[in-house]
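Student:
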Amino acid sequence: ETDFFTAPHKLLHVAPEQPFFKRFRSLSNLEYTSTDLHSPLASVKADICNLPFENNSFDVILCNHVLEHIPDDTKAMKELHRVMKPGGWGIFQIPQDIYREETFEDDSITDKDERTRIFGQYDHVRIYGMDYFDRLRKVGFEVEGINYSADFIPEDIERYGLAEGELIPLVRKI
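Now the structure itself:
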């Protein structure tokens, strides 16, 4: 539904996933930059809360399953907004509890087993609720929820391990 694979784009890929990394690097229409604090796939080693890029640098930003690991997610969101060009867009997917109204955070939970039990993974610092899109809006993004599973039959949703009804946040900077 976009021109992502055909038009020229300057892409920032935060915490690059191996399959996407290989695919995006091979596309001649993309000026591809990957960033992460520790990943060997990162072309730029950087903290998402202090990105070493100029303002308004990227047409597209992909940041999937990162923000739930970041203690100051608001600062990270502000940085992503800062480096996105006006008219740019991004996908900032996170694990979200669609039955929870508000995001739950508790810095006092430091035990790995307890974090896994409460947040779903030992290195997560929060479980996002339905307020996630509002959190993105507060830093300046326009946000649209895309229900990608609506285009799949139930058998394919199960086969591919998709979360039925999950809304993927498509963010835009105006």
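Using our numbering, read the sequence shown as starting at 295 and increasing by one per residue. Here a beta-carbon is modelled for each residue, glycine too, at the ideal position from N, C-alpha and C.
Within the same chain, show all residues whose beta-carbon is closer than 8 Å to that of residue 344, passing over the 5 residues directly before and after it, in chain order.
Tutor: Excluding positions up to five away in sequence, the list reads 373.
Student: Short of 6 Å in beta carbon distance, which residues of its chain neighbour residue 330, apart from the five on each side in sequence? Order them along the chain.
Tutor: So the qualifying residues of the chain are 309, 336.
Student: According to the neighbour-count rule (16 or more other Cβ atoms, all chains shown, within 10 Å of its Cβ), is residue 332 buried or exposed?
Tutor: Answer is exposed; the Cβ neighbour count stays below 16.
Student: Does DSSP put residue 406 in a helix, in a strand, or in coil?
Tutor: Residue state, collapsed to three classes: helix.
Student: Count the C-beta pairs between the segment 384 to 396 and the segment 410 to 426 that are closer than 8 Å, then say yes if the count reaches three, no if not.
Tutor: Short answer: they touch.
Student: If the criterion is Cβ atoms closer than 8 Å, does the pair residue 375 and residue 467 meet it?
Tutor: Their beta carbons are under 8 Å apart, which means residue 375 touches residue 467 by this criterion.
Student: Would the segment 383 to 391 count as touching the segment 352 to 360 if we require 3 or more Cβ pairs under 8 Å?
Tutor: These segments touch.
Student: Might you give, ordered along the chain, the residues of its own chain that have their beta carbon closer than 7 Å to the beta carbon of residue 346, omitting 5 neighbours on each side?
Tutor: Hits under 7 Å: 338, 340.
Student: In the DSSP output, what is residue 463 paired with across the bridge?
Tutor: Answer is 439, bridged to residue 463.
Student: Considering only C-alpha positions, which residue in the set 350, 321, 315, 351 is nearest to residue 334?
Tutor: Minimum Cα distance to residue 334 is reached at 315.
Student: Considering residue 371, what are the terminal residues of the beta strand (DSSP E) in which it resides?
Tutor: Run containing residue 371: none in the beta strand (DSSP E); it sits in the alpha helix (DSSP H), 367 to 377.
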